[in-house]
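Here is the structure we will look at.
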Amino acid sequence: MSDQALSADTEAVLLLCGRFGGERQEPFPPLSTREYGTLAKWLNLRGLRPADLMTEAGREHLADLHEAKLEPQRLEFLLGRGTAMALALERWSRGGIWIISRGDSEFPKRLKHHLKHGAPPLLYGAGDRTLLDRGGLAIIGSRNASDGALELTREVAAQCAREGLGVVSGGARGVDAAAMQGATEAGSYAIGVLASDLLKASVNRQNRLGLQEGRLVLVSPFYPESGFNVGNAMGRNKHIYTLSDRALVIDSDLGRGGTWEGALEDLRQQWVPLYVRTPGDGSGNAALIEKGGMAFDFSVGGGETLTEFFNRSPSGFERPAEPEVQRAIELPETDETAVAGAPDSLPPSGGERHQESLPAVAAPAVDSTTLPDSAPTSGASLATPSMDASKPPLDMYQDFLSKLTQALERETLTEDQVAKQLGLEKAQARTWLKKAVDSKRAEKLTRPVRYSLRKQSSLFG
Numbered sequence: 006m007s008d009q010a011l012s013a014d015t016e017a018v019l020l021l022c023g024r025f026g027g028e029r030q031e032p033f034p035p036l037s038t039r040e041y042g043t044l045a046k047w048l049n050l051r052g053l054r055p056a057d058l059m060t061e062a063g064r065e066h067l068a069d070l071h072e073a074k075l076e077p078q079r080l081e082f083l084l085g086r087g088t089a090m091a092l093a094l095e096r097w098s099r100g101g102i103w104i105i106s107r108g109d110s111e112f113p114k115r116l117k118h119h120l121k122h123g124a125p126p127l128l129y130g131a132g133d134r135t136l137l138d139r140g141g142l143a144i145i146g147s148r149n150a151s152d153g154a155l156e157l158t159r160e161v162a163a164q165c166a167r168e169g170l171g172v173v174s175g176g177a178r179g180v181d182a183a184a185m186q187g188a189t190e191a192g193s194y195a196i197g198v199l200a201s202d203l204l205k206a207s208v209n210r211q212n213r214l215g216l217q218e219g220r221l222v223l224v225s226p227f228y229p230e231s232g233f234n235v236g237n238a239m240g241r242n243k244h245i246y247t248l249s250d251r252a253l254v255i256d257s258d259l260g261r262g263g264t265w266e267g268a269l270e271d272l273r274q275q276w277v278p279l280y281v282r283t284p285g286d287g288s289g290n291a292a293l294i295e296k297g298g299m300a301f302d303f304s305v306g307g308g309e310t311l312t313e314f315f316n317r318s319p320s321g322f323e324r325p326a327e328p329e330v331q332r333a334i335e336l337p338e339t340d341e342t343a344v345a346g347a348p349d350s351l352p353p354s355g356g357e358r359h360q361e362s363l364p365a366v367a368a369p370a371v372d373s374t375t376l377p378d379s380a381p382t383s384g385a386s387l388a389t390p391s392m393d394a395s396k397p398p399l400d401m402y403q404d405f406l407s408k409l410t411q412a413l414e415r416e417t418l419t420e421d422q423v424a425k426q427l428g429l430e431k432a433q434a435r436t437w438l439k440k441a442v443d444s445k446r447a448e449k450l451t452r453p454v455r456y457s458l459r460k461q462s463s464l465f466g
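Sequential numbering from 6 applies to the sequence shown in this note's numbering.
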């Protein structure tokens, strides 16, 4: 694909999650980000990788898949779309489009750190993909910004260039375009996160020079030929924030619009420090500051650098450390708590979090597509070296039985209570509880539904 062939895992993920243009006539839709996250955890529990599903032996495991909406027939159909994928790849390659998945070493570490299972399964892009890990200042604002706002945007972007900082923006007209133009014209780099029309943007004459010179990278989690829709425009906001080190809102409407919603999400999630132009033209600027944003009253050419301004800001944020190169632990999507023993913020570059102290059953599932940079991505190695594809599921189930015995000796428990007490996802708890009942090692009671030890027996009797 473009300058690099797809890895075996990425090919499988593209078949499962990608869109190729004819989905309206097909019986099954591609997997959503959430559905793929569920499948990735299921694969990991069995010591499998996405590429395994391309083999006959790997597909035999699908008979054990009991997740809602992930019926084997649907996955078999999606994995059989090779012809449609080949035709789409041919179209995209002419525009220089490349594709990476969460298992590839080039996948941005910031996205995996901040979004965990919410990180997109696939990223489509054009340009130098190594820019995606360099961070920068996200500059965000209205498509219909005033001339004054656009001029300030270009000045701030040019100041970023003078200080060796990159710019991250959304690639739309208005503030986005002014930010990217100001950065690239001043000799810096820019990251454009697009909600639509990546293929068109990649061949646009205005972008070609920056792409060819390695100063611009365009990226999107969406189908490269998709047209504009509001849902995608709102959905890409989190990728703009999480690819950056800091964010600056030039102007925002009050209570509506993508700029407002994206800024609120960043304030809630605390991905990166949020600055808001003060005073600004937007009716929502002051409200964003009241909600936790920081005043951006920086004067370009006033004798102070942007770096100095950010360092003296009252936010308490220090310059963000580079995301660590590690096999990231990805929490279940309903669990917003930190991994046990992990710091609240990113450690210094090269730091690692250790998971040896986590009990086998209570440990959150690791996405099988989240790998260290040194992990192979070719089809030659379908499981990580530490995995034995036959043993971990059995070992974990036996550990589950042991812990379930201890829990049920005290009281009967519902499925939700078992999942919570043992640190499991509900789907996994349901699967193992059914297995325990079928093997007569536990008893399912009704009215209400709950589980207990079998009478006059034990789980191992």
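Note that CB positions come from ideal geometry on N, CA and C, so glycine has one too.
Our two residues, A56 and M299, have alpha carbons roughly 46 Å apart in a direct line. Between Y194 and G175, the gap from beta carbon to beta carbon reaches 8 Å or more.
Spatial neighbours of A447 in its own chain (CB-CB distance under 8 Å, excluding positions within 5 residues in sequence) are listed in chain order as L409, L413, L438, A441, Y456, S457, L458, R459, L464. Take the alpha-carbon of R241 and the one of V198: they are about 7 Å apart. Each residue's CA atom was taken as its position, placing L406 and L120 some 32 Å apart. For the 8 Å CB-CB criterion, D256 and A177 do not form a contact.
Here DSSP, grouped into helix, strand and coil, assigns Y194 to coil.
Partner residues in the beta bridge of R282, as assigned by DSSP, are F301. The alpha-carbon separation between V18 and D109 amounts to approximately 11 Å. Per DSSP, reduced to three states, the secondary structure at E295 is helical.
Residue pairing by DSSP places S457 opposite E448 in a beta bridge.
In the structure shown, the three-state DSSP call for G87 is helix.
DSSP places A434 in the uninterrupted alpha helix (DSSP H) bounded by 431-443. A Cβ-Cβ distance of about 12 Å is found for the pair R282 and V305, leaving them out of contact under the 8 Å criterion. Membership of Y41 in any beta strand (DSSP E) is not indicated; the residue belongs instead to the alpha helix (DSSP H) covering 38-50. Between D69 and the set L450, A432, V454, the nearest pair of CA atoms involves A432.
As for any alpha helix (DSSP H) of minimum length 4 sitting wholly inside the segment 54-127, the runs are 61-64, 77-84, 87-99, 114-120, ordered along the chain. Closest by C-alpha distance to L83, out of R99, S98, W97, R64, is R64.
Around the beta carbon of A10, fewer than 16 other beta carbons lie within 10 angstroms, which makes this residue exposed. Between P229 and I102, the beta carbon gap of about 6 Å places them in contact (Cβ cut-off 8 Å). Ranked by Cα distance from E28, the options A89, H66, K74 are led by A89. Per the DSSP secondary-structure output, S225 pairs in a beta bridge with Y129. In the DSSP assignment, R251 falls outside any alpha helix (DSSP H) and within the unbroken beta strand (DSSP E) covering 251-254. Distance check between T419 and each of D181, D404, R148, L450 places L450 closest, using alpha-carbon atoms only. Collapsing the DSSP output to three states places S174 in a strand.
Separation of the CB atoms of H122 and G232 is rounded to 28 Å, and the pair is thereby denied contact status at 8 Å. One alpha carbon belongs to G267, the other to A62, and they sit about 44 Å apart. Within 10 angstroms of the beta-carbon of R115 lie 16 or more other beta-carbons, which makes it buried. Secondary structure of A150 (DSSP, three-state): coil. The beta carbon of E72 lies closer than 6 Å to those of T43, A432 in the same chain, with the five residues before and after it left out. Within the model, the alpha-carbon separation for E31 versus G263 is close to 32 Å. Between the segment 154-172 and the segment 268-276 there are fewer than three C-beta pairs closer than 8 Å, too few to call the two in contact.
Cβ neighbours of D181 within its own chain (closer than 7 Å, five residues either side excluded): S174, G175. Around the Cβ of V235, a 10 Å sphere holds fewer than 16 other Cβ atoms; the residue is exposed. Excluding the 5 residues flanking it on each side, A191 has same chain C-beta neighbours closer than 6 Å at A163, A166, in chain order. Counting along the chain, no beta strand (DSSP E) covers A206; the unbroken alpha helix (DSSP H) around it starts and ends at 203-208.
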